[in-house]
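Please read the structure below before turning to the comments.
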Amino acid sequence: MDIETIRKKVDELSALTRKISDILDEEETDIEGIEVLVASRQAIIDEFVVHNAEFDTSLQEQLRKIYEMDKENERKIKLILEHYAKNVRNAANAKKQISYYPKATNQEGLFIDEKS
71 MDIETIRKKV
81 DELSALTRKI
91 SDILDEEETD
101 IEGIEVLVAS
111 RQAIIDEFVV
121 HNAEFDTSLQ
131 EQLRKIYEMD
141 KENERKIKLI
151 LEHYAKNVRN
161 AANAKKQISY
171 YPKATNQEGL
181 FIDEKS
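Okay, here's the thing in structure tokens:
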């Protein structure tokens with residue numbers, strides 16, 4: 071995969087991550103909407119996984135920012151799930167709504183494959 075394609079995918083990933091973060095900050099969180107966005111993120115991550123690849127500095131910095139947003143989004147999702155579970159009879163159903171938030175990168179800003 072050439073660097074331009076990677077750059078476009080990283081931009082797409084960044085935009086989706088930001089959008090998820092924004093939705094998580096809303097007073098009434100759209101859980102189904104987040105589920106769709108998380109699936110879109112996963113599709114991008116599954117499309118290409120780069121191990122220990124070296125990119126130009128700006129691309130690595132963008133990937134590091136995505137990693138930081140991922141950590142914050144995970145924290146927000148956990149809080150929402152806890153709140154949601156308290157407000158619904160079937161807590162298991164709440165946990166199924168957003169059971170997995172795929173991280174796109176590791177802290178060094180490199181793509182990771184969480185399946186391995």
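For what it's worth, my numbering labels the leading residue of the sequence shown as 71, then goes sequentially. Yeah, the Cβ is synthetic: ideal placement off N, Cα and C, and Gly gets one too.
Check                                                                                      : Outcome
Cβ distance (whole Å) where Ile187 is taken to contact Thr99 below 8 Å                     : The chain is shown only over 71 to 186; residue 187 falls outside these bounds and no answer can be derived.
Minimum C-alpha distance to Lys89 - residue among Glu97, Glu117, Leu107                    : Leu107
DSSP three-state assignment for Asp81, whether helix, strand or coil                       : helix
Exposure label - Asp95; buried when at least 16 CB within 10 Å                             : exposed
Span of the alpha helix (DSSP H), counted from its first residue to its last, around Glu97 : It is not in any alpha helix (DSSP H) - Glu97 carries neither H nor E in the DSSP assignment.
Helix, strand or coil at Asp72 according to DSSP, with G and I counted as helix            : coil
Three-state secondary structure (DSSP) of Asp183                                           : Caution applies to Asp183, whose pLDDT of 47 falls short of 50 and renders its modelled position unreliable; the model cannot decide the point.
Span separating the alpha-carbon of Ile76 from that of Ser84                               : 12 Å
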